[in-house]
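One structure below.
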Amino acid sequence: MKDVVVIGLGAFGSTVALELAKRGCNVLVIDRDEEQVEAFSQYVVNAVTADATDPRALKEAGVENFKIAVVSVGEDIASSILITMNLKELGVDYVVTKATTELQGRILRKIGADKVIFPERDIALRTAESIANPSIFDYIELSPSYGIIEIVAPPQVIGKTLRESQIRSKYGLNLIAIKREVPIIDEGGKTVLSEEIIVSPAGDEKLIEGDVLVLIGKYDDLERFKKLRR
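Just so we're on the same page, this note's numbering is the position in the sequence shown counted from 1, plus 972.
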């Protein structure tokens, strides 16, 4: 069970806090808005009304006992910087900070953020990708160089084994998993389709029509593979 402090209860921070609590994490939330904090008190281990830019307030809230923190204070970069610095100085091991621009991201990394996320940009990228290429089900940015996509297997690899498809040797990609719909008999005796996930498939696994491939690799290599669906 992980102990996580979430600072800032806007749309993003609120969702993160709730989802962490649902997954069994011990969550401490901190925000300046007393009403928002009060509303969250029933969902998390502790909810504190405080100004997180003040290191004394963070110390009084017991932040020193937490190893992970998420900073989500809107577009106020000055507050994000101060809070991130305070958390690192108080000994928080891993600080995730929200940013809206690349410049903000670079600044936050320099002053100690272990991970910087760009929620608005990531949503925009996924939306644009899904519109431009409907065969792409999901797109996740891991770093400035690497990403993960879920893509319907292109015709060029259907009927081939993973080894024959040359996904790794030709495209430089690693196949993490295959999502496949398989027929099963339900409780009523009817044949229905159920999703099967094949994790780390073997080289002799044959790809069939309708398979969704979960691929990881460099963006340039992912783009080359995506062109097979266009």
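Glycine included, every Cβ here is placed at the ideal spot set by N, Cα and C.
Relative to the alpha-carbon of residue i, which residue among the options has its alpha-carbon at the smallest distance?
i	options	result
T1072	A1085, G1175, I1089 and K1060	I1089
P1091	K1198, V977 and G985	G985
A1029	V1001, K1132 and G1084	V1001
A993	G980, M973, D1003 and Y1191	M973
D1023	I1123, R1004, K1039 and T1163	R1004
V1067	E1136, D975, E1195 and G1160	D975
S1172	Q1138, L1185, T1163 and E1181	L1185
L1179	L1145, V1124, E1167 and K1162	V1124
Q1128	R995, E1136 and L1114	E1136
V1009	A989, K1132 and L1147	A989
Could you check if residue i is buried or exposed, using at least 16 other CB atoms within 10 Å of its CB as the buried criterion?
i	result
I1055	buried
A1174	exposed
N1058	buried
V1154	exposed
S1141	exposed
D1193	buried
A1050	exposed
Q1076	buried
I1156	exposed
A1041	buried
A1033	buried
G1160	exposed
L1165	exposed
V978	buried
L981	buried
A1011	exposed
To which residues of the same chain is residue i closer than 7 angstroms at the C-beta, ignoring the five residues directly before and after it?
i	result
K1031	L1062
P1126	L1200 and R1201
K1039	D975, V1064, D1065 and Y1066
T1069	V1043, S1052, T1056, L1080, A1085 and V1088
V1045	I979, G980, S1051, S1052 and I1055
May I ask you to list the residues that DSSP assigns as paired with residue i?
i	result
Y1118	K1190
I979	I1002 and V1043
L1185	I1123 and I1150
K1178	T1133
Among residues of its own chain, excluding the 5 on either side of residue i, which ones have a beta-carbon nearer than 6 angstroms to its beta-carbon?
i	result
I1169	A1149 and K1151
Residue range of the alpha helix (DSSP H) that residue i falls in?
i	result
E1032	P1027 to E1032
S1141	I1139 to Y1143
N1058	I1049 to E1061
R1081	E1074 to K1082
Can you give me the Cβ contacts of residue i inside the same chain, cut-off strictly under 8 angstroms, excluding the 5 residues immediately before and after it?
i	result
Y1118	I1188, G1189, K1190 and Y1191
R1196	Y1143
Taking 7 angstroms as the cut-off, is the CB of residue i close to at least one heavy atom of the ligand GDP?
i	result
L1000	This structure does not include the ligand GDP; it has no bound ligands of any sort.
In terms of residues, what are the limits of the beta strand (DSSP E) holding residue i?
i	result
N1146	N1146 to I1157
N1018	N1018 to T1021
L1165	T1163 to V1171
K1132	Premise fails: K1132 is in no beta strand (DSSP E) and is neither H nor E.
I1089	K1087 to I1089
K1070	Y1066 to K1070
Any Cβ of chain B within less than 8 angstroms of the Cβ of residue i?
i	result
E1006	This model lacks chain B altogether, as it is built from one protein chain only.
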